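Enquirer: The C-terminal residue of the sequence shown carries number 107 in the working numbering, and the numbering is unbroken.
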Amino acid sequence: MSYLQPGDKFSLSEHSYESRPKSYTTVGHEYFEVPSQSVSGIMSSNRNLDEFIGFNLVDNKSASQVVSWALNEQQKGVRLVFSQDETTQGYWSQDITADVYSFENLKLDIDPVEITIRN
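(1) What separation, rounded to the nearest whole angstrom, lies between the Cα atoms of S50 and F70?
(2) So what's D38 in DSSP terms, helix, strand or just coil?
(3) In or out: N60 buried (at least 16 other Cβ within 10 Å) or exposed?
(4) Where does N107 fall in DSSP's three states?
(5) Counting only runs of 3+ residues fully inside the segment -7 to 49, write out the beta strand (DSSP E) ranges in chain order.
(6) Measuring straight from C-alpha to C-alpha, what distance separates I98 and R67?
(7) DSSP beta-bridge partners for D87?
(8) Can you find the residues in the same chain that come closer than 6 angstroms, C-beta to C-beta, to E92, ignoring five residues on each side of it along the sequence?
(9) Rounded to a whole number of angstroms, what is the C-alpha to C-alpha distance between V55 and N107?
(10) Kindly identify the DSSP beta-bridge partner or partners of A58.
(11) Roughly how many angstroms separate the alpha carbons of E21 and W80, rounded to a whole number?
(12) Around the C-beta of G16, are 16 or more other C-beta atoms found within 10 angstroms, so that it is buried, or is it exposed?
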């Protein structure tokens, strides 16, 4: 899985990715070192996909995977496991004051789940 931001380029014929100008690689140069978390929705400070992956995974030295959940009212849903390997790369840049993340070669596993909530 890859995520492009405005200014990034992907060549379909060569299967190559070029990050936007003035972006920096994150993998191997991670800024954060925060233990991996399993959070979703309003409990997550990074609710957008690019921020969730950027802050929690590709720019985080302590994490090799992050987990998010999506459930319906019947407690059925999916568990989303995002993980990185030696081919994964993240890119960070800044747009005025906002952190901008893009990434390539991220693994995504989607597992169906059914949970029970007890009072």
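Glycine included, each C-beta is placed from N, C-alpha and C at the ideal position.
Being a predicted model, the structure only gives us computed values, none of them experimental.
Expert: Here's the rundown:
(1) Working through the sequence shown from its first residue, we reach residue 50 at position 62. Working through the sequence shown from its first residue, we reach residue 70 at position 82. If you take the alpha carbons of S50 and F70, they lie about 14 angstroms apart.
(2) Counting from one through the sequence shown, the residue named residue 38 turns up at place 50. In the structure shown, D38 sits in a helix (DSSP, three-state: H, G or I).
(3) Along the sequence shown, one-based indexing puts residue 60 at 72. It counts as exposed.
(4) The residue given as residue 107 occupies position 119 in the sequence shown. In this structure, N107 counts as coil in the three-state DSSP scheme.
(5) -3 to -1 and 4 to 6
(6) Numbered from its first residue, the sequence shown carries residue 98 at position 110. Numbered from its first residue, the sequence shown carries residue 67 at position 79. Going from the Cα of I98 to the Cα of R67 covers about 6 angstroms.
(7) Start at 1 with the first residue of the sequence shown, and residue 87 comes out as number 99. Q82, per the DSSP bridge assignment.
(8) For the purposes of this step, residue 92 is taken as residue 104 along the sequence shown, with counting starting at 1. S(-10), Y5 and Q77.
(9) By 1-based counting over the sequence shown, the position of residue 55 is 67. By 1-based counting over the sequence shown, the position of residue 107 is 119. Roughly 24 angstroms between the two C-alpha positions.
(10) Here the question's residue 58 lines up with position 70 in the sequence shown. DSSP lists V66 as partners of A58.
(11) Taking the first residue of the sequence shown as 1, we reach residue 21 at position 33. Taking the first residue of the sequence shown as 1, we reach residue 80 at position 92. Distance between the alpha carbons of E21 and W80 is about 16 angstroms.
(12) Residue mapping note: residue 16 aligns to position 28 of the sequence shown, counting from 1. So G16 counts as exposed.
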